[in-house]
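Numbering of the sequence shown is given in this note's numbering, commencing with residue 45 and proceeding in unit increments.
Notes follow once the structure below has been shown.
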Amino acid sequence: MKAVLIPTDFSNSAMNAIDYALNLYKCERTNFYFLHAYADEVYGPFKTNGETSIEEQKETVKNNTDKYLKDLIQKLTAREHNPKHTYETLSAFDTLVDAVNDFANQINVDLVIMGTKGQTDDKKITFGSHTVQVFKYVQCPVLAVPLDYEYQQPKKILFPTDYMLPYKRRELKLLNTLASEFKSEIHCLYISDFEDLSNRQIDNQRFLRESLAEAFLFFEICPAKNKAEAIMDYIKKNNINLLVMVNSRHSFLEDMLYRSTVDEIGLRLKLPFLVMQNLPR
């Protein structure tokens, strides 16, 4: 069975990500784990509330968390019963990144799916701070779903790549399985002014071709103008349903994530964004 971890802060954004996840794995046997990490909620009020001890505050927040998670499961079960799906709840007195990493290791998670923004829902930014932290530091693939995105099957997938990375087999297997399920096209976009590939790039491109055997693969090249603009133009012109990028040292994605917000370089995504990890932590 697939194991999918869904962090939730019970916001509309998180609920939309849950709906996307249930649709994405509609036909597959899947365990869904709904996680709420609440350390920030304990320490936040505790700083300004001198009447309550930290243990009392922790107990109150934990009880509320368990209730919200129980209500979430009841809501999902009442709304639609899928015999292929099972639901479990997880709560943790921890930061979101640490909780996701811990549970990802414990239950051997295939994919983390979450909303792009939390309860603050700042209209001016694409990704909230929690989403960016998960992209940067969680050690398994992460799929972020925008609040206003209505589910579409990922029939057309854009994968910008410079073919310089020795990709991880497990993460490419995840992408290949998705492509197989939905008979998807995967557009590998090489953004460069030079069409010729080095031997290393040719080897990695061949590995991609072998690992994504179930997909309809397209190898494209476009000039090395602003990379964010090139990606957004390609998405618009080709009706892309899912963007996939790899987070690695000195990659375009790492450069994006280590700025104050992704939006500084103009990547204003309105479609799901899958980040595959290639960083030693």
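Ideal Cβ positions, reconstructed from N, Cα and C, are used throughout, including at glycine.
1) Report the start-end ranges of each alpha helix (DSSP H) in the segment 111 to 172 that is 4 residues or longer and not cut off at the edges.
2) Can you name, in chain order, every residue of its own chain whose Cβ lies under 6 Å from the Cβ of glutamine 249, other than the five neighbours on each side?
3) Which term fits phenylalanine 238, buried or exposed, when burial requires 16 or more other beta carbons within 10 angstroms of its beta carbon?
4) Starting from leucine 219, trace the alpha helix (DSSP H) in both directions and tell me its first and last residue.
5) Going by DSSP in three states, tyrosine 77 sits in which element: helix, strand or coil?
6) Classify serine 242: buried if its beta carbon has 16 or more other beta carbons within 10 angstroms, exposed otherwise.
7) Measure the CB-CB distance between serine 326 and leucine 216 and report whether it falls below 7 Å.
8) Over what stretch of residues does the beta strand (DSSP E) that includes lysine 70 continue unbroken?
9) Given phenylalanine 260, which residues of its chain have a CB within under 6 Å of its CB, disregarding the five upstream and five downstream residues?
10) Who does leucine 261 pair with in a DSSP beta bridge?
11) Taking contact to mean at least 3 C-beta pairs separated by less than 8 Å, is the segment 55 to 71 in contact with the segment 192 to 207?
12) Specify whether the segment 275 to 291 and the segment 142 to 161 touch according to this definition: at least 3 beta carbon pairs, one from each stretch, less than 8 Å apart.
13) Going by DSSP, what residue range makes up the beta strand (DSSP E) through methionine 289?
14) Less than 8 Å between C-beta atoms, sequence neighbours within five positions excluded: which residues of the same chain meet that for valine 156?
15) For the beta strand (DSSP E) that contains glutamine 245, what are its first and last residues?
16) Expressed to the nearest angstrom, what Euclidean distance is found between the alpha-carbon atoms of isoleucine 246 and leucine 79?
17) On the three-state DSSP scale, how would you describe threonine 305?
Reading from the atomic positions:
1) Taking only runs of at least 4 residues, the alpha helix (DSSP H) segments lying wholly in the segment 111 to 172 are 140 to 150.
2) Cβ-Cβ distances below 6 Å link glutamine 249 to Tyr207 in the same chain, with the five nearest sequence neighbours on each side left out; the list follows chain order.
3) Burial call: exposed.
4) Unbroken alpha helix (DSSP H) run through leucine 219: 213 to 226.
5) In the structure shown, tyrosine 77 sits in a strand (DSSP, three-state: E or B).
6) Under a 10 Å Cβ-count criterion, serine 242 is classified as exposed, with fewer than 16 other Cβ atoms of the shown protein chains found around its own Cβ.
7) In the structure as shown, the chain starts at 45 and stops at 325, and residue 326 therefore has no counterpart that could be examined.
8) Premise fails: lysine 70 is in no beta strand (DSSP E) and is neither H nor E.
9) Closer than 6 Å at Cβ, skipping near neighbours: Glu229.
10) DSSP output for leucine 261 lists Ile230 as bridge partner(s).
11) Result yes; three or more Cβ-Cβ pairs closer than 8 Å.
12) In short, these stretches do not touch, since the Cβ pair count stays below three.
13) In the DSSP assignment, methionine 289 falls within the unbroken beta strand (DSSP E) covering 286 to 291.
14) Once the five neighbours on either side are set aside, the close Cβ partners of valine 156 are Val48, Leu49, Ile50, Pro51, Val144, Ala148, Val178, Val182, Cys184, Pro185, Val186, Leu187.
15) Counting along the chain, glutamine 245 falls outside any beta strand (DSSP E), though it belongs to the alpha helix (DSSP H) covering 243 to 255.
16) In a straight line, the C-alpha of isoleucine 246 is about 41 Å away from that of leucine 79.
17) Note that threonine 305 has pLDDT 48, beneath the 50 cutoff, so the model's placement of it is unreliable and no number is given.
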